[in-house]
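In this note's numbering, the protein residues as written are 6 to 95. The beta carbon of each residue, even a glycine, is placed where N, CA and C say it ideally should be. Treat the numbers as computed from the prediction; the structure is a model and nothing was measured.
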Amino acid sequence: MAAVTSLRAGDLLLVGRQASVQFAKPILFRVIRVLDRPTYDGWIWLEGYQIDNRGDAVERRSIFVMKAGLRIAPPSAVGKPRRLRSPVSG
Numbered sequence: 006m007a008a009v010t011s012l013r014a015g016d017l018l019l020v021g022r023q024a025s026v027q028f029a030k031p032i033l034f035r036v037i038r039v040l041d042r043p044t045y046d047g048w049i050w051l052e053g054y055q056i057d058n059r060g061d062a063v064e065r066r067s068i069f070v071m072k073a074g075l076r077i078a079p080p081s082a083v084g085k086p087r088r089l090r091s092p093v094s095g
């Protein structure tokens with residue numbers, strides 16, 4: 006997994022214990038934006054969505070993490086998103 010050097014909207018991150026002790030169980034997180042809040046050196050606030058293993062957003066969150074502990078999620082971290090069924094015509 007690659008370390009994060011810069012963050013952009015749409016980035017999919019693996020957020021685990023290296024980013025913050027609150028993530029003992031790692032989560033997938035899709036970035037909306039980096040929040041402009043005062044923090045400790047090396048820490049950032051992120052706004053985005055927690056993502057399930059199918060690639061669906063399950064909860065909007067703001068998280069406080071160490072930037073050095075963030076990792077880009079590997080492509081295999083998310084399965085195929087659900088396909089929406091087309092409406093039945095009749």
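Cβ neighbours of residue i in the same chain (closer than 6 Å, five flanking residues each side left out)
i: residue 12; result: 36, 39
CA-to-CA distance, residue j to residue i, given in whole angstroms
i: residue 22; j: residue 34; result: 14 Å
i: residue 70; j: residue 81; result: 23 Å
i: residue 17; j: residue 31; result: 13 Å
i: residue 43; j: residue 58; result: 32 Å
i: residue 19; j: residue 48; result: 16 Å
i: residue 46; j: residue 73; result: 11 Å
Neighbourhood of residue i by C-beta distance below 8 Å, restricted to the same chain and skipping five residues each side
i: residue 54; result: 34, 35, 37, 62, 63, 64, 65, 66
Proximity of residue i and residue j at Cβ, strictly below 8 Å
i: residue 77; j: residue 51; result: no
i: residue 60; j: residue 83; result: yes
Nearest neighbour of residue i, chosen from the options [CA to CA]
i: residue 56; options: 15, 9, 8, 10; result: 15
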